[in-house]
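Take a look at the structure set out below.
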Ligand SMILES: NC(=O)c1ccc[n+]([C@@H]2O[C@H](COP(=O)([O-])OP(=O)(O)OC[C@H]3O[C@@H](n4cnc5c(N)ncnc54)[C@H](O)[C@@H]3O)[C@@H](O)[C@H]2O)c1
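Numbering (this note's numbering), first residue to last: 30 to 299.
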């Protein structure tokens, strides 16, 4: 059911790889809520994924951009403003990748070049996106910028490896750039800390099935789905959240506030 929450708003959505991607669901909800937007992903992901199907469904143009390349980001913002007919109201940064996780490197044996790549792709790209938007004066007043995070930024989750550092940096960038963008243009910047979700990035983490199940049992409401996350993101692109900024917003069914739950006790006493 649509509420026209994003009627007349223009956006850029990063990170829709396939139907399981959180960004994919955000695009579908944003479209249903009346937004127009461009879709973007790294050129290699565009070749491997199925984004054209989503683009057709959402009547959106696809503009390739490696989120670590300033040149690509400049082209993306410039073209998006052309295609959409004006400045941008919302941006979703839904990007994460760690070569150390991907290649199964132990945390005590990190490849530091890969660590730099993890940080660049998964965190510094968030700064690059905002700095590019600022320099091109591409954001509308009262716009909203959202990044996706995970609770490993605050707690240890062994298999999450160097992605934990990337998420801590991502959340820190949201605060620092949120202060700047708020003061300059009333643009809000937040991150959503999402439950484990069955996507390509999610399931690439070792032992994912086990900690998906653990998180589900540790959350009074259960794990938040990608669809729920999309609804939450879209609310943050709407005018109903204009005064929320520089926050890391827990979207986890209560996981982050739970000590232990009946469901977990039941499991452990079996
Ligand atoms: N799945 C989970 O369990 C979970 C939980 C919390 C947070 N998150 C976060 O949600 C976000 C989206 O991930 P997802 O779970 O939908 O998985 P996903 O694999 O569908 O999305 C990750 C996206 O990052 C893109 N990407 C990688 N390198 C890029 C680059 N250089 N430039 C541009 N894009 C690039 C990929 O192409 C892909 O589309 C990530 O930030 C992830 O860390 C995921």
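Note that beta-carbon positions come from the ideal geometry of N, C-alpha and C, so glycine has one too.
The alpha carbon of residue 117 has as its nearest neighbour, out of 205, 296, 42, 84, the alpha carbon of 42. If you check the C-beta of residue 265 against ligand 1, you find no heavy atom less than 7 Å away. Cβ-Cβ distances below 6 Å link residue 276 to 219 in the same chain, with the five nearest sequence neighbours on each side left out; the list follows chain order. With contacts defined as CB atoms closer than 8 Å, residue 269 and residue 59 fail to qualify as a contacting pair.
The closest CA to that of residue 119, considering only 95, 194, 170, is found on 170.
Scanning its chain for C-beta atoms nearer than 6 Å, with the 5 sequence neighbours on each side dropped, one finds around residue 123 the residues 43, 44, 51, 52, 177, in chain order.
The C-alpha of residue 70 is placed about 14 Å away from the C-alpha of residue 82.
Put simply, the backbone Cα of residue 210 is about 28 Å away from that of residue 144. Shortest gap from the CB of residue 175 to any heavy atom of ligand 1: 7 Å or more.
Residue 122 has 176 as its beta-bridge partners, per DSSP. Residue 277 sits in a strand when the DSSP states are folded into three classes. Distance from the CA atom of residue 35 to the CA atom of residue 263, rounded to whole angstroms, is 8 Å. Around the C-beta of residue 234, 16 or more other C-beta atoms lie within 10 Å, and the residue is accordingly described as buried. Taken from the Cβ of residue 128, every heavy atom of ligand 1 lies 7 Å or farther away.
The beta carbon of residue 188 is closer than 7 Å to those of 234, 235, 236 in its chain, skipping five residues each way along the sequence. Within the same chain, and ignoring the five residues on either side of residue 208 in sequence, the residues whose Cβ sits closer than 7 Å to its Cβ are 275.
A check of alpha carbon separations from residue 256 across 142, 137, 33, 49 identifies 49 as the nearest.
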